[in-house]
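K.L.:
Residue numbers (the working numbering): 12 to 455.
#1: Applying the criterion that 16 or more other CB atoms from any shown protein chain within 10 Å of the CB defines a buried residue, is residue 22 buried or exposed?
#2: Between residue 260 and residue 210, is the Cβ-Cβ spacing less than 7 Å?
#3: Is residue 245 helix, strand or coil by DSSP?
#4: Measure the C-alpha to C-alpha separation of residue 30 and residue 127 and round it to an integer number of angstroms.
#5: In angstroms, rounded to a whole number, what distance separates the CA positions of residue 26 and residue 151?
#6: Pairing CB atoms from the segment 44-52 with CB atoms from the segment 70-78, are three or more of them under 8 Å?
#7: With 16 as the cutoff for other CB atoms within 10 Å, does residue 301 come out buried or exposed?
#8: What's the gap between the Cα of residue 91 and the Cα of residue 81?
#9: How would you write the range of the alpha helix (DSSP H) that residue 33 sits in, first residue to last?
#10: Assign residue 332 to one of three DSSP states: helix, strand, or coil.
#11: Compare the C-alpha of residue 379 against each of 416, 356 and 364 and name the closest.
#12: Is residue 266 helix, strand or coil when you go by DSSP?
#13: Determine the direct distance from the alpha carbon of residue 305 to that of residue 281, and round the result to whole angstroms.
#14: Decide if residue 134 is buried, meaning its Cβ has at least 16 other Cβ atoms within 10 Å, or exposed.
#15: Anyone know if the C-beta pair for residue 224 and residue 276 falls short of 7 Å?
#16: I need the DSSP call for residue 358, collapsed to helix, strand or coil.
#17: Considering only their Cβ atoms, is the gap separating residue 215 from residue 196 smaller than 7 Å?
#18: What separation, rounded to the nearest whole angstrom, lies between the Cα atoms of residue 311 and residue 366?
#19: From what residue to what residue does the alpha helix (DSSP H) around residue 380 run?
#20: Out of 101, 88, 144 and 364, which has the shortest C-alpha to C-alpha gap to residue 113?
#21: If you reduce the DSSP assignment to three classes, tell me which class residue 312 lands in.
#22: What does a CB cutoff of less than 6 Å around residue 97 pick up in its chain, not counting 5 residues either side in sequence?
#23: Taking just the CA atoms, how far does residue 362 sit from residue 240?
#24: Please name the residue in 397, 359 and 354 whose C-alpha comes closest to that of residue 382.
#25: When you compare only the Cα positions, how much space is there between residue 16 and residue 93?
#26: Using only CA atoms, which one of 183, 222 and 179 lies nearest to residue 198?
#27: May I ask which residues mark the beginning and end of the alpha helix (DSSP H) holding residue 100?
#28: Could you spell out where the alpha helix (DSSP H) holding residue 89 opens and where it closes?
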C-alpha cells in the first residue's frame, strides 16, 4: 500500500484500535505485541503503545496457563524489537508464576518458558527453568536444545559439559553426534574422540564412525591420529559386541586410505578379520585402484586370504569385466592356494584379453575338471581374437583323457560356430558342470 507517512501513522493507529476489540484476551495480547514489533521495524513511535496495550490485555486472561503462554509469546516480540531487559523480566515473571501451577500442564508451560529463554539468547536461564520440569522427556528436549544452542554459537566446551544432564540414550546420542561433527569440522579430533563414548545408540554410533572416517580422510590427518581412533573403536567394538571397527575401516578405505586399513587388519590377529576383509573389499569393488592397494598390502594366512580372493573374483566375474582390474587378478593369482580361485583368475584374465597371463595360472591347476575350465576360458579368448591354433593348443593342455577329450570337443565346435558367425564366447562352465555330474552319476 502506497501511503504518505501521516496516512500510514493514521492507519496504524486504527489497526491498534481495532486490535483492542478482539474478544479473546490471549489473541488480543499476542496480536498487539506482533503489531508493536512491526511498528518498531517501520519506525512508528506507536509501537510503544501497542506493547503497553499487549501487557494490559494479559490482565484480562482468566486461565493462568494462557496468562503464562501470553507472557512467553510477548517476550519474544520484546526481544525482536530491541527491548532485551523487558523480554527477560517478562520471562522471569512467567517462570515465577509457573511454580504456583499444579499438574502435567505445569511442565508444558515450563518447557515453553525455557524455550522462550533460548529464543531470546538466555541459555543459562533456560537451563534454570528446565530443572523444575518433572517430565523427563520434556526436560531432555530442552536440554538437547540448549546443547544445540551452544553448538551453533561455537561454544563446544560448554555444550560438551551439558551432555551428562540428558537422561534419554536416544536424545543424548543424537546431540552427541551433532557435537562430535562440530569438533570434526574444526579438526579437533582428540575432542571428537572424547565424545564418542557418550554415544550409545547403535544408529548414532555407526553414523558417527562413518563421519569420523570421512572427515579424517579428507583432512589427511597424521597416521597416529588414525591409530588412536582405531584403538578407541576397537575397544568399543569389543565391549558392545558390534563391529564398528569394520565400518570405520570401510570409511577410511573409501577415503583413499586402503594401505593403512590393510596395515591395521594385518596387526589385528585377535580380531575376526575374515568377514571384515571381505566387507571392505566389497565396499571397494567399484574402485580398482583402492581395491588393488588394499589386497596388495594385506598379509593374511591362506585360510583367511583364500575366502577373500574367492569373494572378490566372484564379484568381478559378475561383470562387466574391465582391464582396470588386471592387477587385482594378478595379485590374487600369485597369492592364492585355492585351485578354484586360480580358475576364476584365469577366466578373468582371459576375458579381459590376457590369455597368456591366464595360462601361467592355469598351468598350476592339477584337478582335470578345474583345469578344463581354466584352459577352456583361455581357448575362448584365443578364438575371440581369431587365433584358432592357439585355442586348440590351449585345449590340448588338459591331459586327462576324459576331460581333455571333452574340452577339445567343445572347442572344436566353437571353432565351427565362430566360422559361421555364431557366438563363440558362450561360457563352458555350465556345460562342464553338467558333464561332471553325468560322470559322477554313471560312476567310474
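The beta-carbon is built from N, C-alpha and C at its ideal position, and this holds for glycine as well. These figures come from a predicted structure and were not determined experimentally.
P.N.:
For this structure:
#1: Looking up residue 22 in the chain shown gives position 11. Under this definition residue 22 is an exposed residue.
#2: Here residue 260 refers to the residue found at position 249 of the chain shown. Here residue 210 refers to the residue found at position 199 of the chain shown. Not in contact: residue 260 and residue 210 (Cβ atoms no closer than 7 Å).
#3: Counting from 1 along the chain shown, the entry for residue 245 is found at position 234. Of the three classes helix, strand and coil, the one that applies to residue 245 here is helix, per DSSP.
#4: Residue mapping note: residue 30 aligns to position 19 of the chain shown, counting from 1. Residue mapping note: residue 127 aligns to position 116 of the chain shown, counting from 1. So the two alpha carbons sit approximately 24 Å from each other.
#5: Counted from its first residue, the chain shown places residue 26 at position 15. Counted from its first residue, the chain shown places residue 151 at position 140. Near 41 Å, if we compare the C-alpha coordinates of residue 151 and residue 26.
#6: no
#7: Taking the chain shown and counting its residues from 1, one reaches residue 301 at position 290. Counting Cβ neighbours within 10 Å, residue 301 comes out buried, since at least 16 surround it.
#8: Start at 1 with the first residue of the chain shown, and residue 91 comes out as number 80. Start at 1 with the first residue of the chain shown, and residue 81 comes out as number 70. Taking the straight line joining both Cα atoms gives about 16 Å.
#9: Working through the chain shown from its first residue, we reach residue 33 at position 22. Residue 33 -> no alpha helix (DSSP H), and no H or E assigned at all.
#10: Counting from 1 along the chain shown, the entry for residue 332 is found at position 321. Here residue 332 sits in coil by DSSP.
#11: On the chain shown, position 368 is the one that residue 379 refers to. It is 416 whose Cα lies nearest to the Cα of residue 379.
#12: For this step, residue 266 is matched to residue 255 along the chain shown. In this structure, residue 266 counts as coil in the three-state DSSP scheme.
#13: The residue labelled residue 281 in the question sits at position 270 within the chain shown. The residue labelled residue 305 in the question sits at position 294 within the chain shown. Spanning the two alpha carbons is a distance of roughly 20 Å.
#14: Reading the chain shown from its first residue, position 123 is the one you call residue 134. Burial call: buried.
#15: Stepping through the chain shown from its first residue, residue 224 is reached at position 213. Stepping through the chain shown from its first residue, residue 276 is reached at position 265. It is not a contact, given that the beta carbons lie outside the stated cut-off.
#16: Walking along the chain shown from the start, residue 358 turns up at place 347. Three-state DSSP puts residue 358 in a helix.
#17: Translated into positions along the chain shown, residue 196 becomes position 185. Translated into positions along the chain shown, residue 215 becomes position 204. For residue 196 and residue 215, no; Cβs fall outside 7 Å.
#18: Your numbering for residue 311 matches position 300 in the chain shown. Your numbering for residue 366 matches position 355 in the chain shown. Distance between the alpha carbons of residue 311 and residue 366: 28 Å.
#19: As a first step, residue 380 is located in the chain shown; it is residue number 369 there, counting from the start. Per DSSP, residue 380 belongs to the alpha helix (DSSP H) from 379-395.
#20: Locating residue 113 in the chain shown gives position 102, where the first residue counts as 1. When each option's Cα is compared against that of residue 113, the closest is 144.
#21: Position 301 of the chain shown, counted from the first residue, corresponds to residue 312. Of the three classes helix, strand and coil, the one that applies to residue 312 here is coil, per DSSP.
#22: Here residue 97 is taken as the residue at index 86 of the chain shown, counted from 1. Cβ neighbours of residue 97 beyond the five flanking positions: 89.
#23: For the purposes of this step, residue 240 is identified with residue 229 of the chain shown, where counting begins at 1. For the purposes of this step, residue 362 is identified with residue 351 of the chain shown, where counting begins at 1. Roughly 42 Å separates the two Cα atoms.
#24: For the purposes of this step, residue 382 is identified with residue 371 of the chain shown, where counting begins at 1. The shortest Cα separation from residue 382 among 397, 359 and 354 belongs to 354.
#25: Position 5 of the chain shown holds residue 16. Position 82 of the chain shown holds residue 93. Approximately 23 Å between the Cα atoms of the pair.
#26: The count along the chain shown starts at 1 and reaches residue 198 at position 187. Answer by Cα proximity: 222.
#27: Along the chain shown, one-based indexing puts residue 100 at 89. Per DSSP, residue 100 belongs to the alpha helix (DSSP H) from 95-109.
#28: Here residue 89 is taken as the residue at index 78 of the chain shown, counted from 1. Note, residue 89: alpha helix (DSSP H), 75-91.
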